[in-house]
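Quick note: the working numbering has the sequence shown finishing at residue 360, numbered continuously throughout.
Yeah, the Cβ is synthetic: ideal placement off N, Cα and C, and Gly gets one too.
In what follows, a structure is listed as structure tokens, so that the remarks can point back to it.
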Amino acid sequence: MHPNPAFLAQALPAVRDLAPYEPGKPIEELERELGIANIIKLASNESPLGPAPGVRRVLEAELDRLALYPDGSGHALKQALASHLDVAPAQVTLGNGSNDLLNLVAQTFLAPGRNAVMSAHAFAIYALATRAVGAEARVAPALPADAAQPCGHDLAAMAERMDGNTAVVFIANPNNPTGTWIDRDALENFLSAVPPQVVVVLDEAYFEYVQQAGYPDGCRLLARYPNLLVTRTFSKAYGLAALRVGYGVSHPALADLLNRLRQPFNVNSLGLAAARAALADTDHLAAAVAINRAGLTQLSAGLAALGLPYIPSVGNFITFRVPNAANLNQRLLRAGIIVRPVAGYGLPESLRVSVGLPEHNTRFLETLGRLLQS
Ligand SMILES: *Cc1c(COP(=O)(O)O)cnc(C)c1O
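In structure tokens, the structure reads:
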């Protein structure tokens, strides 16, 4: 291969400077690298329960139609979501994962000379999507480690970082990887103060898991804040991460803009059908939420018993501090347990573990305890 092809220098500076997203290590990769079996992955906040049983049936039916393009408008899923969320179908934008929506917002509103404001320790895609289009990612300092929401979003600090060139603000509620959340009053105070031309992305990827009193439902704020885009996903509580289905809910005019850039068939037919089936099974969702609540309790108690400080989380994961996180991560991998290093999120002394089935959580805690002893 040519060591330095001429097109490299022609790539847009924003792209040349980009550091790619680092996903959780796939099980197959660790199998290949270490030649070990019986691996558990607690690294990407996937649902240990998997999707609703009805999903398998609709997927099988879809297999007969693989030669046909999917419904590019996602009509049936949008109708189902609109009725589920009590909004109009024209307010819904479907995405190839909610990640797709984050990119669409960046492409619609950001460019060199503009900036997007986000918190330190926030979901990594915000900065990536912003920088990919040549805009500045303005990172506000997070709340301190001893705050009520340790390392969580500091909305006052975020407001301070905004200026006349700010076009987008990204808020994760709850945030990944900290698991911290923002209450209704704090969020509404912030939204009321944001200039109306600035688009606020309220990322609710873990919405279904949160049961705290005072946790706001972004969809109920849309009538008052037309500059709000709420994003949600089927990847987490609905257990459909592989199929890549997410959505945005907003003022119809904002949805219309995003839909101009959206690839015509960004959500495939398997994803469309599976998401509808998943949405319809409220019992399965309740079971996933219940398993998660028990898992959070189990993991929190286990980490506390090991003397490891952790950030209380309302998501389906917990970030905890350990001596020598990078080394411990390697030793966990050799023991067949994949968790997520969060050094890239500005938390170099921590690891993030996703809630698994009870037996996974037990194996994780026992292995962790053993490794910390040796
Ligand atoms: C997982 C995650 C997403 C996106 O997931 P998709 O699979 O693209 O829907 C978005 N935001 C946060 C905070 C996440 O943790």
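Check, Outcome
"Quick one: give me the first and last residue of the beta strand (DSSP E) that Val339 is part of.", "336 to 340"
"So Glu122 is in the beta strand (DSSP E); what residue range does that whole segment cover?", "122 to 126"
"Might you give, ordered along the chain, the residues of its own chain that have their beta carbon closer than 6 Å to the beta carbon of Gln183, omitting 5 neighbours on each side?", "none"
"Which value, in whole angstroms, describes the spacing of the CA atoms of Leu358 and Gly281?", "21 Å"
"Using only the alpha-carbon positions, how far apart do Tyr296 and Asp132 sit?", "11 Å"
"Quick check: is any heavy atom of ligand 1 less than 7 Å from the C-beta of Thr219?", "yes"
"Hey, which unbroken runs of the alpha helix (DSSP H) at 4 residues or more fall wholly within the stretch 37 to 115?", "39 to 48, 61 to 71, 84 to 95"
"Which residue marks the beginning of the alpha helix (DSSP H) containing Ala263, and which one marks its end?", "255 to 266"
"From Gly58 to Glu122, what distance separates their C-alpha atoms?", "32 Å"
"Among residues of its own chain, excluding the 5 on either side of Glu32, which ones have a beta-carbon nearer than 6 Å to its beta-carbon?", "Ala227"
"With respect to the alpha helix (DSSP H) encompassing Asp171, which residues constitute its N-terminal and C-terminal limits?", "170 to 179"
"Contact between the stretch 178 to 193 and the stretch 142 to 160 is defined here as three or more beta-carbon pairs at a separation below 8 Å; is this criterion met?", "yes"
"Tell me the DSSP secondary structure of Gly234 in three-state form.", "strand"
"Suppose you measure from the CA of Glu17 to the CA of Asn315; what does that come to, to the nearest Å?", "16 Å"
"Specify, as a first and last residue, the run of the alpha helix (DSSP H) that Leu318 falls within.", "311 to 320"
"Just verifying my parser: in three-state terms, what is the DSSP assignment at Ile157?", "strand"
"Need the endpoints of the alpha helix (DSSP H) that Thr348 sits in, please.", "344 to 359"
"Counting only the same chain and skipping the five closest in sequence on each side, list residues whose C-beta sits under 6 Å from that of Pro298.", "none"
"Compare the Cα-Cα distances from Leu243 to each of Leu215, Asp203, Ala260, Val196 and report the closest residue.", "Leu215"
"Measure the alpha-carbon distance for Gly225 versus Leu63 and round it to whole angstroms.", "17 Å"
"With 16 other CB atoms within 10 Å as the buried threshold, where does Asp203 fall?", "exposed"
"According to DSSP, is Thr283 part of a helix, a strand, or is it coil?", "helix"
"Just checking my contact of Gln198 with Val300 at CB under 8 Å: how many whole Å lie between their CB atoms?", "6 Å"
"Starting from Arg218 and walking both ways along the beta strand (DSSP E), at which residues does that stretch end?", "214 to 219"
"Indicate the three-state DSSP secondary structure (helix, strand or coil) for Leu333 in the structure shown.", "coil"
"With a CB to CB cut of under 6 Å and the five nearest residues on each side skipped, what residues in its chain are close to Asn89?", "Ala115"
"Compute the distance between the beta-carbons of Gly322 and Leu87, then report whether it is under 8 Å.", "no"
"Rounded to whole angstroms, what is the Cα-Cα separation between His270 and Ala38?", "6 Å"
"Rounded to whole angstroms, how far is the Cβ of Ala29 from the Cβ of Val325, which I believe are closer than 8 Å?", "6 Å"
"In whole angstroms, give me the CA-to-CA distance for Arg147 and Leu188.", "17 Å"
"Excluding the 5 residues preceding and the 5 following Gly355 in the sequence, name in chain order all residues of the same chain whose CB lies nearer than 6 Å to its CB.", "Leu292"
"Give me, in chain order, the residues of the same chain whose beta-carbon lies closer than 7 Å to that of Thr94; leave out the 5 immediate sequence neighbours on both sides.", "Leu243, Leu244, Leu247"
"Nearest by alpha-carbon distance to Pro212: which of Val185, Arg100, Leu52 is it?", "Val185"
"Distance, Cα to Cα, Ala264 vs Leu343?", "20 Å"
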